[in-house]
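Data block below; observations after.
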Amino acid sequence: MHQVPRYIITLHELLAHTPHNHVERKSLENARIKLEELSRQMHDEVSETENIRNNLAIERIIVGGCDILLDVNNVFIRKGGVIQVLGTDKLKFQRSRIGSFRGEKEIIRQCYLFTNHMLLCTRTSGGKLTLLEGIGKIPLSEATLIEDPNEQFQFTVDDGGEAKEGSLSSASSHSSECGTGIQPASIGLASGGKDYGGLDFKIIIDSKTGPANTLHLVAPTMQEKAAWTSDISQ
Numbered sequence: 286m287h288q289v290p291r292y293i294i295t296l297h298e299l300l301a302h303t304p305h306n307h308v309e310r311k312s313l314e315n316a317r318i319k320l321e322e323l324s325r326q327m328h329d330e331v332s333e334t335e336n337i338r339n340n341l342a343i344e345r346i347i348v349g350g351c352d353i354l355l356d357v358n359n360v361f362i363r364k365g366g367v368i369q370v371l372g373t374d375k376l377k378f379q380r381s382r383i384g385s386f387r388g389e390k391e392i393i394r395q396c397y398l399f400t401n402h403m404l405l406c407t408r409t410s411g412g413k414l415t416l417l418e419g420i421g422k423i424p425l426s427e428a429t430l431i432e433d434p435n436e437q438f439q440f441t442v443d444d445g446g447e448a449k450e451g452s453l454s455s456a457s458s459h460s461s462e463c464g465t466g467i468q469p470a471s472i473g474l475a476s477g478g479k480d481y482g483g484l485d486f487k488i489i490i491d492s493k494t495g496p497a498n499t500l501h502l503v504a505p506t507m508q509e510k511a512a513w514t515s516d517i518s519q
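What the sequence shown shows, in this note's numbering, is residues 286 to 519, in sequence order.
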């Protein structure tokens, strides 16, 4: 296997010094083509094996496992910590299952992106991952990315003729998780929400089996946000 690239290089060198009308040139070209095809096949098989191993390693640290990681077509793309901004209505729902967050609305999540799905998890004190109930496994085919949530602000006119600015999901004080290096934003907006400095983005999940959900996420840096949004949109 490791000798195949050397054979291909040797054939290229032979062809460079073989006249086009030489009786053996056609045989050398055929040998080069077959070896290059064999090299591609071996590379694909090695890549698939490495992807399976990587997916299984992630699957083993998820509490209860994760069936979608057993699909060889779900190729790993990236992972990292992001902040999930919870709306007031969802805060009570999360608190009843995860525990008290002292009224906080920003929770650090571990996010794993694959070609067909995105996983949103909470890391336990023992280092394991727990998928978020209902939205832990996100099919990208059912997801719509909004790169700049600030563009979603709506303006309405009240009975007095004054314009009112609609609100986004609000967020308040800090939360933390060991080892992530992410800190929630702290610049307040007059509408009660927060200005995340352009680091946030949203994912709308239009599930065929249930109501639509909106995820409001914040990346630690602009570079990370660009990487997440670029990979999700592809």
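For each residue, glycine too, the CB sits at the ideal point set by N, CA and C.
Are the CB atoms of residue i and residue j nearer to each other than 8 Å?
i, j, result
"L430", "F486", "yes"
"E427", "S492", "yes"
"K422", "I488", "no"
"N359", "N401", "yes"
What number of angstroms, rounded off, separates the C-alpha of residue i from the C-alpha of residue j?
i, j, result
"R310", "R325", "23 Å"
"I337", "V357", "6 Å"
"M403", "G482", "24 Å"
"C396", "S332", "22 Å"
"G412", "R317", "49 Å"
"G349", "F399", "19 Å"
"R345", "C351", "8 Å"
"E335", "L341", "10 Å"
"E299", "L313", "At residue 299 the sequence reads Leu, which differs from the Glu that was named. One C-alpha to the other measures close to 8 Å."
"V308", "M507", "60 Å"
"I293", "A301", "12 Å"
"L500", "I490", "8 Å"
"E497", "G419", "A quick correction: the sequence has Ala, not Glu, at residue 497. Rounded to whole angstroms, A497 to G419 spans 11 Å at the Cα level."
"S515", "E432", "9 Å"
"Q369", "I343", "21 Å"
"N315", "L355", "38 Å"
To which residues of the same chain is residue i closer than 7 Å at the C-beta, ignoring the five residues directly before and after it?
i, result
"A512", "R363"
"K510", "L484, F486, A504"
"V367", "R394, C396, L502, V503, A504"
"G365", "C396, E509"
"R291", "none"
Taking 8 Å as the limit between beta carbons, can you name the residues of its chain near residue i, skipping five residues before and five after?
i, result
"V289", "L320, L323, S324, M327"
"H297", "R317"
"P304", "R310"
"T409", "V348, T415"
Under the rule that 16 or more other beta-carbon atoms within 10 Å means buried, what is residue i, buried or exposed?
i, result
"K479", "buried"
"E391", "buried"
"L417", "buried"
"L371", "buried"
"L425", "buried"
"L405", "buried"
What does residue i pair with, by DSSP beta-bridge criteria?
i, result
"K391", "Lys is not the amino acid found at residue 391; the sequence shown has Glu there. DSSP output for E391 lists V370 as bridge partner(s)."
"H402", "P424"
"C396", "G365, L405"
"L502", "Q369, F486"
"I347", "L414"
"L430", "I488"
Identify, in the order they occur along the chain, each residue of the same chain with its Cβ nearer than 6 Å to the Cβ of residue i, setting aside the five sequence neighbours on each side.
i, result
"T407", "T415"
"N435", "none"
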